[in-house]
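Below: the structure, in structure tokens.
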């Protein structure tokens with residue numbers, strides 16, 4: 144099994160608001176995939192070192208625990224270099240970075256459309272679904288149309304004090320693109336939705352549950 148993990152290359156959400164990848168949302172699924180024997184390719188729009196959101200810089204314990212994941216983030220390939228390849232799964236972790244670059248990345252959208260049409264696993268967590276709000280299916284329908292899904296909520300964005308900083312509110316955009324949006328009863332609790340081959344997680348707390356769902360979905364194939 145071979146999974147493509149697609150990360151952001153963005154470093155700025157807005158002036159005075161640095162951004163990047165939220166490490167936990169990448170590291171936990173990455174380690175789970177590797178431990179399950181799944182080969183992982185890490186890609187980003189620009190390739191190279193993947194920027195981390197300053198708020199998610201690892202402590203010493205995390206550096207040891209997530210050593211393999213951190214090493215993989217030092218040398219991502221470009222999305223363009225894998226755009227014609229097929230993977231068993233495509234996974235998009237969050238951080239606010241995807242709202243800046245992946246949301247409008249047509250190379251990623253074309254890759255997602257091909258994998259969606261082929262019934263491959265597509266997963267995203269927290270702000271990762273931002274990369275899919277403008278994506279389309281092979282028949283031209285919005286990617287989320289009629290699909291049960293979740294992502295970082297308006298309430299959580301408010302609690303993060305970034306509701307007026309982000310380029311759009313993910314919950315609103317997902318609903319506008321046709322998603323059957325669901326979330327936990329309280330903000331910041333783990334919540335995962337699975338609709339066919341689509342797996343989405345609500346927030347950083349959902350990283351482990353998304354990882355388990357992703358590994359299980361691949362194991363079932």
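Numbering (this note's numbering), first residue to last: 144 to 364.
Where is the CB? At the ideal position from N, CA and C, for every residue including glycine.
Report the residue from 175, 328, 220 and 340 whose alpha carbon sits nearest the alpha carbon of residue 255.
The sequence position of residue 255 within the chain shown is 112, counting from 1. The residue with the shortest Cα to Cα distance from residue 255 is 340.
Check whether the Cβ atoms of residue 298 and residue 330 lie closer than 8 angstroms to each other.
Counting from one through the chain shown, the residue named residue 298 turns up at place 155. Counting from one through the chain shown, the residue named residue 330 turns up at place 187. Yes, Cβ-Cβ distance for residue 298 and residue 330 is below 8 angstroms.
Please report the residue range of the alpha helix (DSSP H) in which residue 258 lies.
Against the chain shown, residue 258 aligns to sequence position 115. 249-260 is the span of the alpha helix (DSSP H), which, as asked, contains residue 258.
Just to confirm, are residue 263 and residue 232 a CB contact at a threshold of 8 angstroms?
Taking the chain shown and counting its residues from 1, the one referred to as residue 263 is at position 120. Taking the chain shown and counting its residues from 1, the one referred to as residue 232 is at position 89. Closer than 8 angstroms, so yes.
Could you tell me whether the stretch 238-251 touches the stretch 187-197, where touching means 3 or more Cβ pairs closer than 8 angstroms?
Yes, they touch.
Quick check: the stretch 340-354 against the stretch 164-177, are there 3 or more CB pairs under 8 angstroms?
With a cut-off of 8 angstroms, the stretch 164-177 and the stretch 340-354 count as touching, because enough Cβ pairs lie within range.
Tell me which residues share the same chain as residue 326 and place their Cβ nearer than 7 angstroms to its Cβ, disregarding the 5 neighbours each side in the sequence.
The residue labelled residue 326 in the question sits at position 183 within the chain shown. So the list reads 293, 296, 334 and 345, once near-sequence residues are dropped.
Residue 163 to residue 175, Cα distance in whole Å?
Counting from one through the chain shown, the residue named residue 163 turns up at place 20. Counting from one through the chain shown, the residue named residue 175 turns up at place 32. Their backbone Cα atoms lie some 22 angstroms apart in a straight line.
Which parts of the stretch 333-362 are runs of the beta strand (DSSP E), unbroken and 3 residues or longer, counting only runs that do not cross its ends?
Listed in chain order, the complete beta strand (DSSP E) runs (minimum 3 residues) inside the stretch 333-362 are 335-338 and 341-344.
Quick one: Cα of residue 192 to Cα of residue 245, how far?
Numbered from its first residue, the chain shown carries residue 192 at position 49. Numbered from its first residue, the chain shown carries residue 245 at position 102. Cα-Cα distance, rounded: 16 angstroms.
Thinking just about the alpha-carbon of each residue, which of 153, 157, 209 and 328 is nearest to the one in residue 308?
To locate residue 308, count along the chain shown from 1; it is residue 165. When each option's Cα is compared against that of residue 308, the closest is 157.
Give me the Cα-Cα distance between residue 206 and residue 234, rounded to the nearest whole angstrom.
By one-based count along the chain shown, residue 206 stands at place 63. By one-based count along the chain shown, residue 234 stands at place 91. The alpha-carbon atoms of residue 206 and residue 234 are separated by roughly 22 angstroms.
Just the C-alpha distance for residue 204 and residue 302, rounded to the nearest angstrom, thanks.
The residue you call residue 204 lines up with position 61 of the chain shown. The residue you call residue 302 lines up with position 159 of the chain shown. Cα to Cα, residue 204 sits roughly 27 angstroms from residue 302.
Looking only at C-alpha atoms, which of 239, 154, 290 and 316 sits nearest to residue 304?
Your numbering for residue 304 matches position 161 in the chain shown. Considering only alpha carbons, the answer is 239.
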